[in-house]
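Keeping their order, the protein sequence lines are chains L and B.
With positions in the first sequence counted from 1, the corresponding number in the working numbering is that position plus 73.
With positions in the second sequence counted from 1, the corresponding number in the working numbering is that position plus 73.
Just so you know, even glycine gets a beta-carbon here, dropped at the ideal spot from N, CA and C.
Protein chains: 2
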Amino acid sequence: MSKQEKIQATALRLFVADGFHGTPTAKIAAEAGVANGTLFYHYKTKNDLVVALYNKIKDEHANNVQVFINRDEFITTKFRNIFIHSVNWALTNRDKFYYIQQFNFSPHLAQVSAETLEQHTFGYAGFIAEGIRKKLLKQQPVSLLISIFNGHVYGIYQYITSGDFEPAEKEKIINEGYDMLWDTLKYM
Amino acid sequence: MSKQEKIQATALRLFVADGFHGTPTAKIAAEAGVANGTLFYHYKTKNDLVVALYNKIKDEHANNVQVFINRDEFITTKFRNIFIHSVNWALTNRDKFYYIQQFNFSPHLAQVSAETLEQHTFGYAGFIAEGIRKKLLKQQPVSLLISIFNGHVYGIYQYITSGDFEPAEKEKIINEGYDMLWDTLKYM
DNA sequence: ATATTTATAGACTAATTAGTCTATAAGAAG
DNA sequence: CTTCTTATAGACTAATTAGTCTATAAATAT
């Protein structure tokens, strides 16, 4: 792990635990085992670090989803896989998932350009549009279906993290959660 | 408007615009037209103000929903009304809706007791449980249905606020949004 | 080898800001 | 009318902290 990666990992952990403002750059540097100057060498400002971390996590997730989109499977299968993977990703990367929400509801979001934001849902868009065209999904705007999809992922995530479930139970909830989403989004 | 109310209203506006840490208490006091000492007379600490504001907004919303729950109507009608009202409330009180999310994804949340948090969904719980018992809603845990409900409100809200829609369009989206939610939650 | 760039260290500072302190004013109670 | 409580004001401070500065060390290129 390079010093830069250590800084990122430590920043993620501390930002999630104590918030952006509750985390001094000095603490990040100290817990990452690097000097103050090193942090500011890699990131011109604290704000730069906050934004870079966001973009990195978003990229990681988008690339993750892209793999499922690219697979040569029937569109409804893909759709199911993407949902299940998204929930599982959120559950196994809670810090990262939380960080995205934390960032989304902060003034930092305004610093990310609309294009960058769009790029992160770019993978979905074409895929969802195809589903609509082929009359597998409801005849509604792509972005509405994406919003509902995300809202549903979020809802299932909230439910699972609010309780204490066995792995098998979790899987069952996710599967049934998918069925419920499908009831919402399927054509007719 | 009392000085205290002015402080709350100004704090809400500034916290949403600039974040918790981006808003000095001195600025809140100045823009509310009160002295520094007055703010700290009403709220022992800045943190107290942040938490009090959260509880106030949550209470307001919970009381709002309660009115619909108490109405003497058929349960499915109530359900629909609550969904539509929730989306409309979020749309006409964007600052407050945003503030709740901002707070939920901040370390401040840990300062709100589990009971207080539960109390805010208390109204829903009995009502949803009734719907499940009467086999109008899916045979799933109450809290799962609430999570999905909230996730869906959030999704529709996101979609509407991300575009520029006429009032009539908004209404149509909300109504269709409800139909989609109902497809997910209805029994069979 | 030597020069240049990249990476790291850690002491220092200038600015910011939460909260305190003292002084009053307004209102309620006796 | 006077005592006590509540509400308001605004100057002040002690602590925190983002970012700078200078010095090297390591790596890369010439």
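Among the CB atoms of chain L, none fall inside 8 Å of the CB of Ser159(B). The beta carbon of Ile229(B) lies closer than 6 Å to those of Val160, Gly250 in the same chain, with the five residues before and after it left out.
In the DSSP annotation of this structure, His94(L) is not part of any alpha helix (DSSP H), being labelled neither H nor E. Near chain B, meaning a CB-to-CB distance below 8 Å, the residues of the region 76–96 of chain L are Ala90, Asp91, Gly92, Phe93, His94, Gly95.
Taking the Cα positions, Gln81(B) is about 46 Å away from Ala241(L).
Rounded to whole angstroms, Glu188(L) and Gln231(B) show a C-alpha spacing of 17 Å.
Taking a Cβ-Cβ cut-off of 9 Å, Gly110(L) has no neighbours in chain B, whose nearest Cβ is about 24 Å from it. In the DSSP assignment, the residues bridged to Lys259(B) are Leu210(B). Under the Cβ criterion of 8 Å, Gly196(B) is not counted among the residues facing chain L. A Cβ-Cβ distance of about 5 Å is found for the pair Val215(L) and Ala202(L), placing them in contact under the 8 Å criterion.
Listed in chain order, the positions of the region 147–178 of chain L with a beta carbon within less than 7 Å of a beta carbon of chain B are Tyr171, Gln174, Gln175, Phe178. Membership of Glu133(L) in the alpha helix (DSSP H) is indicated by the continuous run 119–143. In the pairwise beta carbon analysis, the region 208–225 of chain L is classified as not touching the region 116–127 of chain L: fewer than three pairs are separated by under 8 Å.
Here His158(L) has Asn137, Val138, Phe141 as same chain residues with Cβ atoms under 8 Å from its own Cβ, once five neighbours each way along the sequence are excluded.
Counting along the chain, Phe176(L) sits inside the alpha helix (DSSP H) bounded by residues 167–177.
The beta carbon of Asn223(L) sits closer than 8 Å to some beta carbon of chain B. Spanning the alpha carbons of Gln77(L) and Gly224(L) requires a straight line of approximately 33 Å.
Chain-ordered, the chain B residues with CB closer than 8 Å to the CB of Pro180(L) read Ala90, Asp91, Gly92, Gly95. For Tyr227(L), the enclosing alpha helix (DSSP H) stretches over residues 215–235.
At a beta-carbon threshold of 9 Å, the residues of chain L lying near Tyr227(B) are Ser220, Asn223, Gly224, Tyr227, Gly228, ordered along the chain. Contact of Leu217(L) with chain B is assigned, a C-beta pair being separated by under 8 Å.
Within chain L, not a single residue places a beta-carbon under 7 Å from that of Thr118(B); the smallest gap is close to 14 Å.
Residue environment analysis places Phe88(L) among the buried positions, since at least 16 neighbouring C-beta atoms fall within 10 angstroms of its C-beta.
DSSP places Tyr114(L) inside the alpha helix (DSSP H), whose first and last residues are 109–115.
Between Asp145(B) and chain L, the shortest Cβ-Cβ separation is not below 8 Å. Within the model, the alpha-carbon separation for Lys169(L) versus Lys79(L) is close to 15 Å.
By the neighbour-count criterion, in which 16 or more other beta carbons inside 10 Å mark a residue as buried, Lys207(L) falls on the exposed side.
In this structure, Asp237(L) and Pro180(B) do not form a Cβ contact; the two beta carbons are roughly 22 Å apart against a cut-off of 8 Å. Assigned with DSSP and collapsed to three states, Ser159(L) falls in helix. Using beta-carbon distances, Asp256(B) counts as an interface residue toward chain L, with a partner under 8 Å. From the beta-carbon of Ser235(L), the residues of chain B found nearer than 9 Å are Ser216, Ser220.
Flagged as an interface residue toward chain B: Met253(L), by a C-beta distance shorter than 8 Å. Within the same chain, Ile80, Ala108, Asn109, Thr111, Leu112 come within 8 Å of Ala102(B) by CB-CB distance, once the 5 residues on both sides are set aside.
DSSP places Phe238(B) in the coil class of the three-state scheme, outside both helix and strand. Shown here for Lys243(L): same chain residues with a beta carbon closer than 8 Å to its own, the five before and five after excluded, namely Leu164, Ile233 in chain order.
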